[in-house]
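Participant: Protein chains in written order, with our numbering: chain A, 15 to 457; chain B, 53 to 303.
Every residue gets a Cβ at the ideal spot worked out from N, C-alpha and C, and that includes glycine.
Being a predicted model, the structure only gives us computed values, none of them experimental.
Quick one: structure below, then a few questions.
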């Protein structure tokens, strides 16, 4: 099975690029933060510094980790779902379910191990050094916290990423080997599938946790003497709700497609495609939701904080808000790359279908237009859901800091983010479909 | 033939229904057929006659609603999923219309795939002999993308024969081939039966393909509607047009 996995990898090296890219970047993102924790527990530093390191490593790093793991699991899932004909063929020829699942796991292990190790090392050696330098400049930690390479943290990051990828491969492999073995592509039936119970459970848990923390912000931590208490309970609520909604993307897509199907003929086709392929497009929609909710909520949070912080917190405020900006920048960049990445993964799968369209007489322009229309739909839905999710941070924090339900400033931001995300989504679709249809149409 | 030898493949009262209640569709309605070892049978019928469902049930891909499936005398109807997978890779050879070679394996590696799935070390000499048999000894190290359609189908036949199967199930094996490649593939299938003693059950639309078989079974609406021994292309074509009329009258 290992030999088969190796050959399969060599054959589809380009197909696995999406997985490698996401794991690599996730490694860099997580690897930049996890060494802070190792540093905090290594001893030999003042306790206030330790506190700061733990907050940075666990809270901020935790947000990055959630996004990174989400990106890795969704990319691995899409990559495996796209191979239904091949897994069906292997099973027809007599491979058992467990053999196919093992093949998928071994492949995922081979693909992710090196990328995760490389990413974590780059994160620990470059990202973490830069992060610490920033913390020194902002006087968040004293000079006694010098940079040291966090080998243990890098190793732990690598293992966490590989385990997450293997779990995703296990779930996707399970899905791929359900039912009767068949060499007929499953794309027609995909999308009518129900969402697994554990996804609903996870979604309810994440959304519930985010909303509960919001309620705690309004009822408890708003009265705390430290004004940063309300920030720590409200800060990641939007992301939690966003991730929770991203987990049930296919259901959101189907619901949205039903509403959107009554308009123009092109929109009619696009919405049917989204509904039937909701499982596939979920891989793109998820990152869009997470990107929108993380960016909008964090930037508005920082804005409220700047306006409402009581006097006497000047130095702290500057440092923390600068750091917030850096973190949101990193996360936004990561999520943006994931959006492009997941579009590439989804469109590569449709290369044959798009060529078939061209054989039927559609010109390149028409093929492009249909894919871009779909991406606009995904963008609109993702931005809308992401903005709703961002309310989980904005409303509680605004109330806690006395600005009320609607913040006093920064209301232009959601529009700017919406425009940027839509531009990014359609650009990603254009690039991916351009690559997919570059070749001549051949039967 | 020893009269105690069980048929290579036998189906008894094979029935397959899809859906339930008013939406239920009967794809197969009680089929009884036996395929002797060393025989070459063509299964023909109009679209929707149940040909594909028959092959899926015979190949232990689908479980029949009623009836039994016996491969080499062994009742395989109630086997669990893992046992059916093992049955497929050890007793049944599949040949598809679109070849379905694994794209990242060479011709030789595709032929040895069933052995590898069984966890056995492939017998190099046997693989080479099989590729020689299908006339592709010099293409062993080529990837499917470097082979013509006819060559790919011959690799697929070598793959099907590699396990020394009780029965080879071929689903429109010439459907995607040009006339000459199709003739080559049919001659190859004929030779595996005549010279190697293989058992082949072939679903086809093509009277010329069916004429290479020892007998033809005609399916209509999920039932056996006729048989023909020692078929000729003209006789098969005539029978087929007659079957089509029958279907129209019923509709």
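(1) If you check the beta carbons only, do residue 262 of chain B and residue 283 of chain B fall under 9 angstroms apart?
(2) Report the rounded CA-to-CA distance for residue 248 of chain A versus residue 349 of chain A, giving the unit in angstroms.
(3) For residue 279 of chain B, which residues does DSSP report across the bridge?
(4) Residue range of the alpha helix (DSSP H) that residue 70 of chain A falls in?
(5) Going by the beta-carbon positions, is the gap between residue 302 of chain A and residue 400 of chain A smaller than 9 angstroms?
(6) Between which two residues does the beta strand (DSSP E) containing residue 84 of chain B stretch?
(7) Quick check on residue 62 of chain B - is its C-beta less than 9 angstroms from some C-beta in chain A?
(8) According to DSSP, residue 144 of chain B sits in a beta bridge with which residue or residues?
(9) How far does the alpha helix (DSSP H) with residue 118 of chain A in it extend, from its first residue to its last?
(10) In the DSSP assignment, the beta strand (DSSP E) including residue 122 of chain B goes from what residue to what residue?
(11) Taking a contact to mean a Cβ-Cβ separation below 9 angstroms, would you say residue 131 of chain B touches residue 110 of chain B in this structure?
(12) Quick one: any contact between the stretch 189-196 of chain B and the stretch 233-241 of chain B, if contact means 3 or more CB pairs under 8 angstroms?
(13) Using DSSP with H/G/I as helix, E/B as strand and the rest coil, what is residue 182 of chain B?
(14) Does any C-beta atom of chain B lie closer than 9 angstroms to the C-beta of residue 100 of chain A?
(15) Any C-beta of chain B sitting closer than 9 angstroms to the C-beta of residue 107 of chain A?
(16) Quick one: which residues of the stretch 218-242 of chain B get their C-beta closer than 9 angstroms to a C-beta of chain A? List them in chain order.
(17) In or out: residue 303 of chain B buried (at least 16 other Cβ within 10 Å) or exposed?
(18) Please state the DSSP three-state secondary structure of residue 83 of chain A.
(19) How big is the Cα-Cα spacing for residue 214 of chain B and residue 102 of chain B?
(20) Which residue comes first and which comes last in the beta strand (DSSP E) that contains residue 164 of chain B?
(21) Count the other C-beta atoms from every protein chain shown that fall within 10 angstroms of the C-beta of residue 66 of chain A, then say buried if there are 16 or more, exposed otherwise.
(22) Tell me, please, whether the stretch 205-222 of chain A touches the stretch 258-269 of chain A by the rule of three or more beta-carbon pairs shorter than 8 angstroms.
(23) Output yes if chain B places a C-beta closer than 9 angstroms to the C-beta of residue 18 of chain A; else output no.
(24) How many angstroms separate the CA atom of residue 193 of chain A from the CA atom of residue 73 of chain B?
(25) Any C-beta of chain A within less than 7 angstroms: which residues of the stretch 102-122 of chain B qualify?
(26) Pull up the DSSP beta-bridge partners for residue 67 of chain B, would you.
(27) Keeping to the same chain, check which residues put their C-beta closer than 6 angstroms to that of residue 202 of chain B; ignore five residues upstream and five downstream.
(28) Apply the 10 Å Cβ neighbour rule to residue 177 of chain A and answer buried if 16 or more other Cβ atoms are within range, or exposed otherwise.
(29) Tell me, to the nearest whole angstrom, how far the beta carbon of residue 78 of chain A is from that of residue 43 of chain A; I am working on the premise that it is less than 8 angstroms.
(30) Quick check on the DSSP output: what are the complete beta strand (DSSP E) runs of length 3 or more inside the stretch 244-320 of chain A, in order along the chain?
(31) Beta strand (DSSP E) containing residue 94 of chain B: first to last residue?
(32) Quick one: what's got a C-beta closer than 7 angstroms to residue 285 of chain B's C-beta in the same chain, skipping five residues either side?
(33) Got a sec, what are the start and stop residues for the beta strand (DSSP E) residue 255 of chain B sits in?
(34) Looking only at its own chain, which residues have a Cβ that is under 7 angstroms from the Cβ of residue 53 of chain A, when we skip the five neighbours before and after it?
(35) At a CB-CB cut-off below 8 angstroms, which residues of chain B make contact with residue 103 of chain A?
(36) Run through chain A and tell me which residues come within less than 8 angstroms of residue 216 of chain B, C-beta to C-beta.
Facilitator: To lay it out plainly:
(1) Numbered from 1 along the second chain, position 210 holds the residue referred to as residue 262 of chain B. Numbered from 1 along the second chain, position 231 holds the residue referred to as residue 283 of chain B. Cβ distance < 9 angstroms, so residue 262 of chain B and residue 283 of chain B count as in contact.
(2) Position 234 of the first chain holds residue 248 of chain A. Position 335 of the first chain holds residue 349 of chain A. So the alpha carbons of these two residues sit roughly 21 angstroms apart.
(3) Translated into positions along the second chain, residue 279 of chain B becomes position 227. Answer by DSSP bridge pairing, in chain order: B/269.
(4) Translated into positions along the first chain, residue 70 of chain A becomes position 56. First-last for residue 70 of chain A: undefined, no H or E at that position.
(5) For the purposes of this step, residue 302 of chain A is identified with residue 288 of the first chain, where counting begins at 1. For the purposes of this step, residue 400 of chain A is identified with residue 386 of the first chain, where counting begins at 1. Yes, Cβ-Cβ distance for residue 302 of chain A and residue 400 of chain A is below 9 angstroms.
(6) Position 32 of the second chain holds residue 84 of chain B. From DSSP, the beta strand (DSSP E) with residue 84 of chain B extends over 77-87.
(7) As a working note, residue 62 of chain B is residue 10 in the second chain. Cβ-Cβ to chain A under 9 angstroms: no for residue 62 of chain B.
(8) Counted from its first residue, the second chain places residue 144 of chain B at position 92. Its beta-bridge partners are B/219.
(9) Here residue 118 of chain A is taken as the residue at index 104 of the first chain, counted from 1. It spans 111-136 - the alpha helix (DSSP H) in which residue 118 of chain A sits, taken as one unbroken run.
(10) Within the second chain, the letter at position 70 stands for residue 122 of chain B. It spans 118-123 - the beta strand (DSSP E) in which residue 122 of chain B sits, taken as one unbroken run.
(11) As a position in the second chain, residue 131 of chain B is number 79, starting the count at 1. As a position in the second chain, residue 110 of chain B is number 58, starting the count at 1. In this structure, residue 110 of chain B does not lie closer than 9 angstroms to residue 131 of chain B by Cβ.
(12) no
(13) Counting from 1 along the second chain, the entry for residue 182 of chain B is found at position 130. Of the three classes helix, strand and coil, the one that applies to residue 182 of chain B here is helix, per DSSP.
(14) Against the first chain, residue 100 of chain A aligns to sequence position 86. Chain B, which has a Cβ nearer than 9 angstroms to the Cβ of residue 100 of chain A, makes this yes.
(15) Walking along the first chain from the start, residue 107 of chain A turns up at place 93. So, interface residue.
(16) none
(17) For the purposes of this step, residue 303 of chain B is identified with residue 251 of the second chain, where counting begins at 1. A caution first: residue 303 of chain B carries a pLDDT of 41, below 50, which makes its placement in the model unreliable, though a value can still be read off. With fewer than 16 other Cβ atoms within 10 Å, it is exposed.
(18) Mapped onto the first chain, residue 83 of chain A falls at position 69. Residue 83 of chain A: helix per DSSP, three-state reduction.
(19) Numbered from 1 along the second chain, position 162 holds the residue referred to as residue 214 of chain B. Numbered from 1 along the second chain, position 50 holds the residue referred to as residue 102 of chain B. One C-alpha to the other measures close to 28 angstroms.
(20) Start at 1 with the first residue of the second chain, and residue 164 of chain B comes out as number 112. Segment 159-169 is the alpha helix (DSSP H) holding residue 164 of chain B; no beta strand (DSSP E) there.
(21) The sequence position of residue 66 of chain A within the first chain is 52, counting from 1. Label assigned to residue 66 of chain A: buried.
(22) yes
(23) On the first chain, position 4 is the one that residue 18 of chain A refers to. So, interface residue.
(24) On the first chain, position 179 is the one that residue 193 of chain A refers to. On the second chain, position 21 is the one that residue 73 of chain B refers to. Roughly 21 angstroms between the two C-alpha positions.
(25) 113 and 114
(26) By 1-based counting over the second chain, the position of residue 67 of chain B is 15. DSSP lists B/81 and B/118 as partners of residue 67 of chain B.
(27) Residue numbering aside, residue 202 of chain B sits at position 150 when the second chain is read from its first letter. Here the set comprises 229, 233 and 236.
(28) By one-based count along the first chain, residue 177 of chain A stands at place 163. Classification of residue 177 of chain A: exposed, given that the 10 Å Cβ count is below 16.
(29) By one-based count along the first chain, residue 78 of chain A stands at place 64. By one-based count along the first chain, residue 43 of chain A stands at place 29. Yes, they are in contact, since the Cβ atoms of residue 78 of chain A and residue 43 of chain A sit about 5 angstroms apart, within 8 angstroms.
(30) none
(31) Position 42 of the second chain holds residue 94 of chain B. That run of the beta strand (DSSP E) goes 92-96.
(32) Position 233 of the second chain, counting from 1, holds the residue named residue 285 of chain B. Around residue 285 of chain B: 259, 260 and 263.
(33) Position 203 of the second chain, counted from the start, is the residue given in the question as residue 255 of chain B. Taken as a continuous stretch (DSSP letters only), the beta strand (DSSP E) holding residue 255 of chain B covers 252-255.
(34) Locating residue 53 of chain A in the first chain gives position 39, where the first residue counts as 1. If we look at residue 53 of chain A and ignore the five residues flanking it on each side, its Cβ neighbours are 67, 159, 162 and 164.
(35) By one-based count along the first chain, residue 103 of chain A stands at place 89. In chain order: 152 and 154.
(36) Taking the second chain and counting its residues from 1, one reaches residue 216 of chain B at position 164. Neighbours of residue 216 of chain B on chain A: none; closest Cβ ~14 angstroms, over 8 angstroms.
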